[in-house]
Amino acid sequence: MAALKTILYLVVFPGLLFLFLYSTFIEWFDRKVYARLQNRMGPTHTGRSGLLQPIADFVKLMAKEDIVPDQADKTLFSSLPIIGLAVVITAGLFLPVWHIDPAAASMISFPGDVIILLYLLSLPTLIFFLAGWASTNAFSIIGGTRVLTMLFGYEVPLFLAVLSPALLAGSWRLAEIAAFYRAHPLLMLPNILGFGVALIAVQAKLERTPFDIPHAETEIVGGTFTEYSGKKLAFFRLMTDIELVVSAGLIATVFLGGFSGGIVLAFVQFVLKTLFVVFLLSVLRAVTGRIRVDQVVTFAWKWLAPLAVLQLLIVILIKGFLL
Amino acid sequence: MKFNIPIGPQHPALKEPISIRLTVEGEVIRDADLRLGYNHRGLEKLAEEKSWIQNIYLTERICGICSHSHSTCFVQGVEKLMEIEPPRRGVYLRYLVSELERVHSHLLWLGVAGHEAGFDTFFMYTWRDREVVMDLLEMISGNRVHYAINTLGGVRRDIDAALRKKILDGLAVLKARSEYYFKIGAAEPTFVGRLAGVGRLTKQRAMDLCAVGPQARASGVARDVRKDDPHDFYNEVDFDVATADTCDVLGRTVVRIKELFESYKICEQILAKLPAGPVAVKAPRRAKPNEVVSRYEAPRGENIHYIIANGSEKPERLKVRAPTLGNYASTIEILRHGFIADVPLIFAAIDPCICCAERTVDLIDARSGEERTLRFADLRRMANERARTLPLQRNVAWPL
């Protein structure tokens, strides 16, 4: 019975099926907000207000011809989308929202899970880089190197920004961090700087404007994904969507007090808080233009990293004098 | 490690086929090379087969964006050959359409620049507002793209008081929107950071390489046919040549937005002092043997038509020098030592119209500079030979 339950968790909720559906909803929300900010309609045709459009896109891509280039490393090229999808879905299981079993705050919860989650969110970057290299296409390779170059910019600020609230809460466990801030809501305020840094770093990690440099279509066509088509591209797109959900969930857990109050209430909080984070990311996407890869690194080390360190300093001072 | 990156003939940044070959080291471009001839349509030869009137509509089809520029340039020249003088009202309406076309072309360009810089919101906004001027053009001429309003000896349609009011209303909307774009172009940090300092072309090099239009004006060269060698009409209206001295893509953006305001000014003056009377005079069927060079400031720069008449109903020869061709030399120069990320911006900054510029049929050997004209059979033989001898190679190696 326990084995069956575990399989249900993994496949239906909160695993594959739920994350698939919720990430398509988040993609729809992102597209709609982006379109409305640009004075467009966004998806309208498939489903009510175009709600089913991302699913339709996914199904359509799955049905398309799937081409593997002759010169590509075939094993790597074909396995990367699946590995990537597995990685982000695993990351999704760490979010402390799934109150199916009242005793446990999430599917998997242990001291230090925040580090594992950050690590699992770093893996997609490496997968994008490898996908670019395995394609052996000039555009893909340039896309892949841009992915890595950007990684050196945003990764450290992201880690610093996410870990300083954990430091203030005195725990490396996501559920405990969230519980701490629910108990002391005022202490969320000093973390606002880190919240901003984390938002920008996540935007860069997800390769969205102004950081959509690795697949800037006017420069290097599809970038990393130039050679990908059909099912593999569909998996990569789904992977990016789920990564968006998990990143938004991580920010909501660490900075916005997480999700509490039993299955229903926690789920409502999860939806509202992730939508809020995704809304901010969409606005950021709409009001900026793409910058150059050297400008990303300069910006990250000149502004993001010092701000993240400043956040750490604030946290240490508060912890030393107030608590 | 050096790579060769082909931008084109098919590439998302290019709306028309052209091939730029870039040699890059990492993100830095070491060399650039341009290949033309993917869009040659034989229009000049076709023009020799058609009558003077038919050729107006043919020249209009040289380009979709600056269609009026080509037909006006052609009509100006032919009117000189035929020694006819269009009535004042006709001239005013012709240049009203010219200036509105400049507005639509520049708004289109702003959107494209936004898109190339990855700033899609700007793209959506400018193209939405461009519909205002497209509607005005449709109301005036009946068409959105190929206006077909020119004829030998004037224009084909007149405007009335109601339409005049609609145009003024539309101009007011456009003016307000353009001010907003000027603010964005000068203030939005990612956009400015992306354009400033990109594609530097010094004033001296701009003059050496015969840059035309906004490309030259953004380098401080106040070169504008409307002032340098104007049709009589442009002496009757008051406007300035917009220039910038930043010599980069930001300057080219600023020049175009400034030109929008100059065009609004000209349109308002035209509507304020539109003379009464007929809009066209009857033109003869034949032109006396003679030759003429007609110059016109298209939205992209100086457009030149060279026409020879031999006394018949058809031209002996028509030669078109579109502004894009004049800007290729300087563009290749500024591509070198830039970043890959800047290629679309630099190339888009000349507002390239490839089908306008495709006039050449000679092949030029890139290494020796030797020029030769090839027959199709030779080309096929060369292609087969190349396919046989081409080594099959992975052009990239795993770095570890």
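Chains as they are written, first to last, in the working numbering: chain A, 173 to 495; chain B, 18 to 417.
All residues carry an ideal CB built from backbone N, CA and C; glycine is no exception.
**Distance between Thr218(A) and Leu188(A) (C-alpha atoms, nearest Å)** = The sequence position of residue 188(A) within the first sequence is 16, counting from 1. The sequence position of residue 218(A) within the first sequence is 46, counting from 1. Distance between the alpha carbons of Leu188(A) and Thr218(A): 23 Å.
**Message:** I believe Ile351(B) touches Gly210(B) by the beta-carbon criterion, under 8 Å. Please report the beta-carbon distance rounded to the nearest angstrom.
**Reply:** In the second sequence, counting from the first residue as 1, residue 351(B) sits at position 334. In the second sequence, counting from the first residue as 1, residue 210(B) sits at position 193. That pair is no contact at about 19 Å.
**Request:** Decide if the stretch 227 to 237 of chain B is in contact with the stretch 260 to 279 of chain B; the criterion is three or more beta carbon pairs, one per stretch, under 8 Å apart.
**Result:** yes
**Request:** Name the residue from Thr89(B), Val360(B), Cys370(B), Ile371(B) whose alpha carbon lies nearest to the alpha carbon of Ala134(B).
**Result:** The residue you call residue 134(B) lines up with position 117 of the second sequence. Closest by alpha carbon: Val360(B).
**Which listed residue (Leu51(B), Met99(B), Trp126(B), Lys32(B)) has its alpha carbon closest to that of Asn307(B)** = What you label residue 307(B) is simply residue 290 of the second sequence in a count that begins at 1. The shortest C-alpha separation from Asn307(B) is found at Met99(B).
**Request:** With DSSP as the reference, label Phe230(A) as helix, strand or coil.
**Result:** On the first sequence, residue 230(A) is found 58 positions in, with the first residue counted as 1. In the structure shown, Phe230(A) sits in a helix (DSSP, three-state: H, G or I).
**Prompt:** Since Leu335(B) and Glu61(B) are thought to touch, with beta carbons under 8 Å apart, how far apart are those beta carbons, to the nearest angstrom?
**Reply:** Here residue 335(B) is taken as the residue at index 318 of the second sequence, counted from 1. Here residue 61(B) is taken as the residue at index 44 of the second sequence, counted from 1. Going by Cβ atoms, the distance from Leu335(B) to Glu61(B) rounds to 5 Å, so yes, they are a contact pair.
**Prompt:** Going along chain B in order, which residues have a C-beta closer than 8 Å to the C-beta of Leu209(A)?
**Reply:** Taking the first residue of the first sequence as 1, we reach residue 209(A) at position 37. Here the neighbours are Thr138.
**Reference Val120(B); option with closest CA among Leu75(B), His85(B), Val254(B)** = In the second sequence, residue 120(B) corresponds to position 103, counting from 1. Taking Val120(B) as reference, the option from Leu75(B), His85(B), Val254(B) with the minimal CA-CA separation is His85(B).
**Item:** Limits of the unbroken beta strand (DSSP E) element including His87(B)
**Value:** As a working mapping, residue 87(B) is identified with position 70 in the second sequence. Per DSSP, His87(B) belongs to no beta strand (DSSP E); it is in the alpha helix (DSSP H), 84 to 99.
**Prompt:** With 9 Å set as the bound, which would you pick, yes or no: does the beta-carbon of Gly107(B) sit closer than that to a beta-carbon of chain A?
**Reply:** Position 90 of the second sequence, counted from the first residue, corresponds to residue 107(B). Taking Cβ atoms only, chain A never reaches closer than 9 Å to Gly107(B), which makes this a no.
**Other residues of its chain near Tyr251(B): CB distance less than 6 Å, five sequence neighbours each side excluded** = Residue 251(B) sits at position 234 when you count from the first residue of the second sequence. The residues are Arg243.
**Item:** Alpha carbon of Leu292(A) to alpha carbon of Ile280(A), nearest angstrom
**Value:** On the first sequence, residue 292(A) is found 120 positions in, with the first residue counted as 1. On the first sequence, residue 280(A) is found 108 positions in, with the first residue counted as 1. Their Cα atoms are separated by approximately 14 Å.
**Asked** Of the choices Tyr109(B), Leu212(B), Asn72(B), Glu279(B), whose alpha-carbon is the least far from that of Thr263(B)?
**Response** Numbered from 1 along the second sequence, position 246 holds the residue referred to as residue 263(B). Measuring from the Cα of Thr263(B), the nearest candidate turns out to be Leu212(B).
**Item:** Sequence-distant residues of its chain with Cβ nearer than 8 Å to Leu63(B) (five each side left out)
**Value:** Position 46 of the second sequence, counting from 1, holds the residue named residue 63(B). Answer for Leu63(B): Leu75, listed in chain order.
**Message:** I'd like to know whether the C-beta atoms of Cys90(B) and Cys370(B) end up nearer to each other than 9 Å.
**Reply:** Here residue 90(B) is taken as the residue at index 73 of the second sequence, counted from 1. Here residue 370(B) is taken as the residue at index 353 of the second sequence, counted from 1. It is not a contact, given that the beta carbons lie outside the stated cut-off.
**Message:** As a quick exercise: from Ile314(A), Val393(A), Val319(A), pick the residue whose alpha carbon is nearest that of Ile299(A).
**Reply:** Counted from its first residue, the first sequence places residue 299(A) at position 127. If we check each option's Cα against that of Ile299(A), Val319(A) comes out closest.
**Message:** Can you look up Asn320(B) in the DSSP assignment and give me helix, strand or coil?
**Reply:** Locating residue 320(B) in the second sequence gives position 303, where the first residue counts as 1. Here DSSP, grouped into helix, strand and coil, assigns Asn320(B) to strand.
**Prompt:** Starting from Ala174(A) and walking both ways along the alpha helix (DSSP H), at which residues does that stretch end?
**Reply:** Along the first sequence, one-based indexing puts residue 174(A) at 2. Here the alpha helix (DSSP H) through Ala174(A) covers 174 to 183.
**Request:** Give the single residue among Ser307(A), Lys404(A), Gly264(A), Ala424(A) whose Cα lies nearest to the Cα of Ala351(A).
**Result:** If you number the first sequence from 1, residue 351(A) lands on position 179. Among Ser307(A), Lys404(A), Gly264(A), Ala424(A), the Cα nearest to that of Ala351(A) is on Ala424(A).
**N- and C-terminal bounds of the alpha helix (DSSP H) containing Ser221(A)** = Here residue 221(A) corresponds to residue number 49 of the first sequence, with the count starting at 1. Taken as a continuous stretch (DSSP letters only), Ser221(A) belongs to no alpha helix (DSSP H), as it is neither H nor E.
**Request:** Between the Cα of Leu339(A) and those of Thr178(A), Met173(A), Lys491(A), spot the shortest distance and give me the residue it belongs to.
**Result:** Mapped onto the first sequence, residue 339(A) falls at position 167. Among Thr178(A), Met173(A), Lys491(A), the Cα nearest to that of Leu339(A) belongs to Lys491(A).
**Request:** Could you name each continuous beta strand (DSSP E) segment of 3 residues or more that falls completely within the stretch 281 to 334 of chain B, going from the start of the chain to the end?
**Result:** 307 to 315, 318 to 326
**Asked** Using a C-beta to C-beta distance shorter than 7 Å, which residues of chain D count as neighbours of Ile463(A)?
**Response** This model lacks chain D altogether; the protein chains it does include are A and B.
**Request:** Would you tell me roughly how many angstroms separate the C-alpha atoms of Arg457(A) and Thr138(B), rounded to the nearest one?
**Result:** As a first step, residue 457(A) is located in the first sequence; it is residue number 285 there, counting from the start. As a first step, residue 138(B) is located in the second sequence; it is residue number 121 there, counting from the start. Taking the straight line from one Cα to the other gives about 9 Å.
**Item:** Contact set for Ala321(A): own chain, Cβ-Cβ below 6 Å, skip 5 residues either direction
**Value:** As a first step, residue 321(A) must be located in the first sequence, where it is residue number 149. What sits at residue 321(A) in the sequence shown is Thr, not Ala. Val465, listed in sequence order.
**Neighbouring residues, chain B, relative to Pro478(A) (Cβ below 7 Å)** = Walking along the first sequence from the start, residue 478(A) turns up at place 306. The premise fails here: Pro478(A) is roughly 18 Å from chain B at the closest Cβ pair, so nothing lies under 7 Å.
**Request:** Could you pull out every residue in the same chain whose Cβ sits closer than 7 Å to the Cβ of Tyr194(A), ignoring the five residues on either side in sequence?
**Result:** Stepping through the first sequence from its first residue, residue 194(A) is reached at position 22. Correct list, in chain order: Val417.
**Prompt:** Of the choices Glu333(B), Trp144(B), Lys275(B), Lys19(B), whose alpha-carbon is the least far from that of Glu44(B)?
**Reply:** Against the second sequence, residue 44(B) aligns to sequence position 27. When each option's Cα is compared against that of Glu44(B), the closest is Lys19(B).
**Prompt:** Interface residues of chain B around Pro382(A) at Cβ under 9 Å?
**Reply:** Along the first sequence, read from residue 1 onward, the residue named residue 382(A) stands at position 210. Counting only Cβ-Cβ distances below 9 Å, Pro382(A) has contacts in chain B at Gly135, Phe136, Thr207, Arg211, in chain order.
**Request:** Using a Cβ-Cβ cut-off of 9 Å, state whether Glu44(B) counts as contacting chain A.
**Result:** Counted from its first residue, the second sequence places residue 44(B) at position 27. It does; some Cβ of chain A falls within 9 Å.
**Request:** Please list, in chain order, all residues of the same chain as Leu405(A) whose beta carbon is under 7 Å from its beta carbon, the five residues on each side excluded.
**Result:** To locate residue 405(A), count along the first sequence from 1; it is residue 233. Once the five neighbours on either side are set aside, the close Cβ partners of Leu405(A) are Leu233, Phe397.
**Request:** With a 10 Å radius around its C-beta and 16 neighbouring C-beta atoms as the bar for buried, classify Ile179(A) as buried or exposed.
**Result:** Working through the first sequence from its first residue, we reach residue 179(A) at position 7. It is exposed - the Cβ of Ile179(A) has fewer than 16 other Cβ atoms within 10 Å.
**Item:** Same chain only: Cβ atoms within 6 Å of Asp48(B), ignoring 5 sequence neighbours per side
**Value:** Start at 1 with the first residue of the second sequence, and residue 48(B) comes out as number 31. Closer than 6 Å at Cβ, skipping near neighbours: Thr40.
**Message:** Taking 9 Å as the threshold (beta carbon to beta carbon), is Val360(B) in contact with chain A?
**Reply:** Looking up residue 360(B) in the second sequence gives position 343. Output row for Val360(B): interface = yes.
**Request:** Please classify Leu51(B): does DSSP put it in a helix, a strand, or coil?
**Result:** As a first step, residue 51(B) must be located in the second sequence, where it is residue number 34. Three-state result, Leu51(B): strand.
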